[in-house]
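Residue numbers (my numbering), protein chains in the order written: chain A, 84 to 377; chain B, 423 to 822; chain C, 224 to 563; chain D, 67 to 306.
Rendered as structure tokens:
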């Protein structure tokens with residue numbers, strides 16, 4: 084093993100930061116889109132994030148479906164689910180002034196329900212969540228071996244992020260969405276069907292979170308505890324980046340990914356988690372509108 | 423207005439009393455054992471394995487006429503891998519079901535929580551699978567444990583490595599659970615005594631899912647052997663990331679391995695070592711053991727491992743102790759357990775407890791020789807066997 | 224407050240105190256039922272604090288369990304590692320918890336609505352992590368077990384362990400005292416002010432109410448109740464771990480207040496009496512508890528914002544007003560006839 | 067000029083780049099009723115917000131009843147005897163009228179609404195006694211305006227700043243409100259922001275005119291309403 088250890092650790096740090104950051108950014112983007120548009124702070128994001136890979140795992144291991152096909156199935160299955168939730172719970176609050184508190188509490192309720200369901204059902208196999216890799220083996224980055232599957236996940240994540248960003252900029256729906264971000268009434272006056280945009284943004288946000296979860300399960304092993312930590316991280320990123328700011332979510336998400344990586348080299352992953360929370364608190368106190376306020 | 427409220431409060435109080443009343447059944451004919459284990463939550467894989475093993479023994483025992491002509495009934499309650507819930511369950515089994523003893527936990531955290539309840543309320547507690555030393559700390563009166571304590575495992579690992587490669591460098595990577603901390607403590611204590619050096623020690627917080635950086639750091643420290651202990655699926659991640667980084671399988675020593683997590687490591691781990699207390703591949707398995715393996719395989723289409731075996735054995739230890747006591751009385755049962763001298767029916771390993779309820783300890787180290795992931799089967803051969811007295815090293819001082 | 228009113232409420236309070244003693248005695252024969260009663264009492268104390276914060280001042284604090292946990296851990300450490308008497312350790316740690324509660328509550332002075340809720344949730348998560356990752360004080364995830372019961376010094380017997388029905392009666396009286404304190408606050412000048420703050424803190428300020436001062440005060444008193452509850456919970460149950468005080472517990476405390484009826488004295492009590500026993504009574508269905516509570520949270524938020532007792536009060540007020548209106552119209556009719 | 071009740075000098079307020087108040091001087095003697103007029107967005111409400119401490123002052127000084135109040139917390143300014151109403155009527159909507167009034171009375175240091183100094187007569191005078199049990203949100207706008215007024219008067223203020231007191235009221239209601247204010251004028255110092263010239267003419271002893279954050283006129287109503295600059299900038303065609 085005659086290779087410079089610092090170089091090794093350095094590369095591993097960068098790659099880890101990239102993969103984690105991309106997935107953070109994606110998930111946080113999903114959360115922040117919904118908050119910016121509907122004013123819905125989704126406390127259940129972590130549980131949704133976990134739901135996707137759990138279903139994927141059942142599809143692939145349980146029913147032996149092709150991983151790619153299974154992943155697409157999961158995403159597809161997510162839409163009607165999200166629609167149902169919007170229909171039953173979200174929609175009725177659209178005109179309530181302080182609705183974000185109600186939403187927050189409701190999604191906390193959903194969180195509790197989902198975690199209850201998880202430990203009841205998938206909980207039994209919590210040592211066996213290994214989604215079959217799309218690509219086996221490792222690819223060498225210089226001297227450093229990285230699982231090809233993880234590089235694939237990184238690629239997908241970055242592509243999705245780019246697509247999301249472009250869609251919000253240039254696509255008709257994206258522009259409508261941003262119009263509603265800026266000012267609901269004005270958008271309505273300009274003939275934007277606000278409620279359709281609301282529904283659309285909720286579906287989009289949920290799917291993006293699902294995608295994040297799927298990519299995470301491609302890159303890492305996971306267990307039920309991922310839900311809470313990811314949910315908190317997503318919130319932290321949203322708050323620090325500025326609620327509703329997709330750009331903020333992307334930048335801060337990447338940042339947090341690297342923080343995680345760097346801190347776990349020089350301190351410990353535990354400190355990393357605490358540092359998110361601290362960052363979020365400080366921003367809440369000093370600049371509730373976040374770093375990238377719209 | 424308030425007068426009406428009195429009624430409401432009274433009604434509420436009535437609800438509580440009533441509800442409790444319904445949950446309150448008086449002791450029935452069978453001898454009841456409270457079996458609080460992990461059926462859901464992070465540790466559920468071992469809890470449900472344990473229940474499976476215990477059920478086989480329960481069926482056999484009651485099939486053969488039970489104990490003192492009374493059926494032996496295991497009341498299984500889920501503790502959700504949550505110590506708080508474990509205590510609540512212990513309390514209700516004690517006060518509601520009036521069980522003869524408690525058993526069942528396979529996670530040290532839950533076992534320790536119940537330990538407190540058992541000792542405080544003078545309720546016998548036979549721990550099948552939980553290795554945290556403090557469960558049998560000096561002064562323990564009511565708790566007994568079948569599984570050797572984890573600091574001892576660490577001691578055994580050091581002995582194993584010493585015999586494989588004198589003066590070797592060892593790296594430790596483990597998730598931050600009581601069990602893992604205890605194993606690491608044992609290795610670190612015995613290493614210098616066995617002329618070994620610990621080149622790296624990395625602790626993961628619970629819920630970690632990636633070890634790329636840490637594995638690289640370990641690689642950089644260039645050890646001869648790595649002792650990785652991840653919780654749940656993370657164990658597989660660590661193993662595979664170590665292999666990705668070019669470590670040879672036979673440099674990896676898993677402190678423990680049971681069927682599901684051995685399969686989880688994957689075929690590329692063939693050649694790695696793992697510690698165990700019962701394995702279907704051992705030639706010391708008795709005819710009864712063979713039958714147990716056959717029945718289990720038929721029922722769960724995977725071979726049982728030490729968790730299932732300990733829980734299977736637990737049922738028989740309880741049976742023998744009750745028969746020795748001649749009555750289902752808690753104190754008499756406790757004394758019978760203390761005096762018990764017997765063997766595991768499945769492998770003839772001796773069973774006897776010291777004054778603190780700790781068992782005469784032993785461990786096997788097996789080397790994986792082949793694996794069929796699809797069939798959930800693996801082959802392994804014995805590489806090392808060790809027996810030792812519980813306090814060969816100061817286990818109770820090493821972890822608090 | 225008319226004399227009839229005061230007589231009624233005196234009856235209520237006597238009745239409440241009587242119940243605090245009578246219920247434990249009634250179920251003393253069944254240790255399990257008795258234990259449930261004890262836990263219900265602790266929750267009544269906790270929800271009393273939460274009610275003051277959320278029900279009367281409108282502060283949706285999601286860190287209540289964390290505060291209770293601080294009270295529990297500090298007491299336990301002082302008693303078990305430093306040999307303090309429980310009766311000294313408990314008040315000390317309760318005041319400590321209250322002080323921490325005030326500090327952690329400071330965001331509430333700057334943040335409005337959802338942002339405060341979120342910050343309190345973040346704080347709760349951080350507190351839980353601290354419990355997990357500072358094992359030298361908390362023994363980490365493993366938790367602290369074999370926590371001794373408090374000892375009472377009785378003439379003749381000397382120091383005797385507080386246990387059995389006596390312990391539940393003490394908890395009952397504590398819960399009673401906690402609710403009583405909240406009730407007195409609500410009836411007082413301060414009560415009017417914090418409710419004004421709940422309704423519209425800007426208008427309250429404009430009316431000359433020192434909003435900051437009263438929010439701090441509320442956090443102190445609320446956290447004090449939490450801390451005391453935590454300290455007694457630890458020694459009563461005999462075991463604590465970070466899970467005993469995690470975010471789900473905070474959420475459940477919120478639920479008990481919201482479900483019973485926030486901003487009413489009896490509502491939270493009813494919430495506790497109905498919700499606390501469920502997981503114990505349905506021992507085998509325990510794992511369904513989270514799902515059930517979760518559904519309840521949603522139902523309450525969507526369909527029953529006033530809670531069980533609150534809705535009941537609303538209905539009754541509606542009835543009374545209808546009656547008054549009817550009277551009024553009939554009187555008018557009578558006058559019209561008289562006029563003709 | 068010696069014993070001024072309100073004395074604001076060179077008051078400045080900026081929002082980002084915009085100067086909402088430009089060196090505004092306003093003074094008011096005890097017993098005097100001061101009117102403030104100006105087009106929308108001319109800074110009238112901003113001025114009130116700065117004086118009552120709801121907005122931080124950027125420059126200048128404000129003295130009230132002889133003491134400096136610039137930079138003090140709103141509740142302290144209220145305690146000093148300076149209170150205000152809001153353009154969009156603001157009461158505790160979910161509380162009953164009695165609870166609304168009680169809060170004000172307690173804040174003023176009284177032990178209860180009943181024992182509050184001339185609390186009863188206030189309620190009778192503003193003719194709210196029938197509605198004491200009603201939830202404030204259920205009141206008519208006029209009733210809410212009266213309730214708002216009653217709450218302020220319970221505080222025994224030295225100066226009441228009224229932000230469009232007749233805004234949104236019907237002609238009849240305006241007449242009634244005017245009568246009430248006229249009566250009030252004899253007992254309290256008032257500061258009235260209004261668009262309705264009638265109100266200003268009948269109530270104000272003196273009028274200040276704000277246009278885009280600048281005081282362009284200050285004098286007796288009749289003179290002001292004849293002032294060319296005022297007409298040009300503000301009244302435009304509508305000569306009352």
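The beta carbon of each residue, even a glycine, is placed where N, CA and C say it ideally should be. Note that this is a predicted model, so its numbers are computed, not measured.
List the residues of chain A whose Cβ lies closer than 7 Å to the Cβ of residue i, in chain order.
{"i": "residue 342 of chain C", "result": "364, 367"}
Could you tell me which chain C residues have their CB closer than 9 Å to the CB of residue i, listed as they occur along the chain?
{"i": "residue 402 of chain B", "result": "Absent from the model: residue 402 of chain B. The displayed extent of chain B is 423 to 822, so no value can be given."}
{"i": "residue 541 of chain B", "result": "368, 369"}
{"i": "residue 318 of chain A", "result": "341, 344, 345"}
{"i": "residue 199 of chain A", "result": "510, 511, 512, 513, 514, 515, 516, 517"}
Just to confirm my understanding: we take residue i, look at its own chain, exclude 5 residues before and 5 after, and list those with CB closer than 8 Å. What are they?
{"i": "residue 170 of chain D", "result": "216, 217, 218, 220, 221"}
{"i": "residue 164 of chain D", "result": "179, 198, 199"}
So with CB distances below 8 Å, who are the chain C contacts of residue i?
{"i": "residue 335 of chain A", "result": "Within 8 Å Cβ-Cβ: nothing; residue 335 of chain A doesn't reach chain C, min ~15 Å."}
{"i": "residue 124 of chain A", "result": "337, 341"}
Can you list, in chain order, the residues of its chain with a C-beta nearer than 7 Å to that of residue i? Leave out the 5 residues immediately preceding and following it.
{"i": "residue 406 of chain C", "result": "488"}
{"i": "residue 395 of chain C", "result": "243, 244, 246, 247, 264"}
{"i": "residue 312 of chain D", "result": "Because chain D is modelled from 67 through 306, residue 312 of chain D falls outside the range shown and cannot be assessed."}
{"i": "residue 95 of chain A", "result": "227"}
{"i": "residue 760 of chain B", "result": "775"}
{"i": "residue 653 of chain B", "result": "464, 597, 599, 628"}
{"i": "residue 234 of chain A", "result": "222"}
{"i": "residue 502 of chain B", "result": "462, 463"}
Expressed to the nearest angstrom, what Euclidean distance is found between the alpha-carbon atoms of residue i and residue j?
{"i": "residue 651 of chain B", "j": "residue 715 of chain B", "result": "26 Å"}
{"i": "residue 536 of chain B", "j": "residue 698 of chain B", "result": "25 Å"}
{"i": "residue 44 of chain D", "j": "residue 279 of chain D", "result": "In the structure as shown, chain D begins at 67 and stops at 306. Residue 44 of chain D is therefore absent and cannot be evaluated."}
{"i": "residue 317 of chain A", "j": "residue 290 of chain C", "result": "25 Å"}
{"i": "residue 556 of chain C", "j": "residue 548 of chain C", "result": "12 Å"}
{"i": "residue 105 of chain D", "j": "residue 145 of chain D", "result": "31 Å"}
{"i": "residue 311 of chain C", "j": "residue 298 of chain C", "result": "9 Å"}
{"i": "residue 281 of chain A", "j": "residue 182 of chain A", "result": "14 Å"}
Residue range of the beta strand (DSSP E) that residue i falls in?
{"i": "residue 127 of chain A", "result": "From DSSP, residue 127 of chain A is part of no beta strand (DSSP E); its letter is neither H nor E."}
{"i": "residue 807 of chain B", "result": "799-810"}
{"i": "residue 381 of chain C", "result": "381-384"}
For residue i, which residues in chain B fall below 7 Å Cβ to Cβ?
{"i": "residue 208 of chain A", "result": "467"}
{"i": "residue 254 of chain C", "result": "517"}
With residue i as the anchor, note down where its alpha helix (DSSP H) starts and where it stops.
{"i": "residue 382 of chain B", "result": "This structure cannot speak to residue 382 of chain B, because chain B is shown only from 423 to 822."}
{"i": "residue 226 of chain A", "result": "From DSSP, residue 226 of chain A is part of no alpha helix (DSSP H); its letter is neither H nor E."}
{"i": "residue 311 of chain A", "result": "309-324"}
{"i": "residue 127 of chain D", "result": "That residue, residue 127 of chain D, is in no alpha helix (DSSP H); its beta strand (DSSP E) goes 125-130."}
Under 7 Å from any heavy atom of the ligand GDP, does the C-beta of residue i make it?
{"i": "residue 85 of chain D", "result": "The model depicted lacks the ligand GDP and carries no ligand whatsoever."}
Could you list which residues in chain D have their beta carbon closer than 7 Å to that of residue i, in chain order?
{"i": "residue 228 of chain C", "result": "Residues of chain D passing the Cβ test: none, with the nearest at roughly 14 Å."}
If the cut is a Cβ gap below 8 Å, which residues of chain B does residue i touch?
{"i": "residue 258 of chain C", "result": "513, 517"}
Who are the neighbours of residue i on chain C, taking C-beta pairs under 7 Å?
{"i": "residue 557 of chain B", "result": "In chain order: nothing, as chain C lies at least about 11 Å away."}
Can you list the residues of chain B that residue i reaches, using a CB-CB cut of under 9 Å?
{"i": "residue 390 of chain C", "result": "Under the 9 Å cutoff, chain B gives no residues; its nearest Cβ is about 13 Å from residue 390 of chain C."}
message: Can you pull out the residues from the region 284-305 of chain A whose beta carbon lies closer than 7 Å to at least one beta carbon of chain E?
response: No chain E is present in this structure, whose protein chains are A, B, C and D.
- request: Identify each residue in the region 471-503 of chain B for which the Cβ-Cβ distance to at least one residue of chain A is less than 7 Å, and report them in chain order.
  value: 502
- request: Please name the residues in the region 129-148 of chain D whose beta-carbon is closer than 7 Å to at least one beta-carbon of chain C, in chain order.
  value: 140, 141, 144, 145
- prompt: Along the region 454-483 of chain C, what residues have a CB closer than 7 Å to any CB found in chain A?
  reply: 471, 474
task: Name, going along the chain, the residues of the region 75-88 of chain D whose beta-carbon falls closer than 9 Å to a beta-carbon of chain C.
output: none
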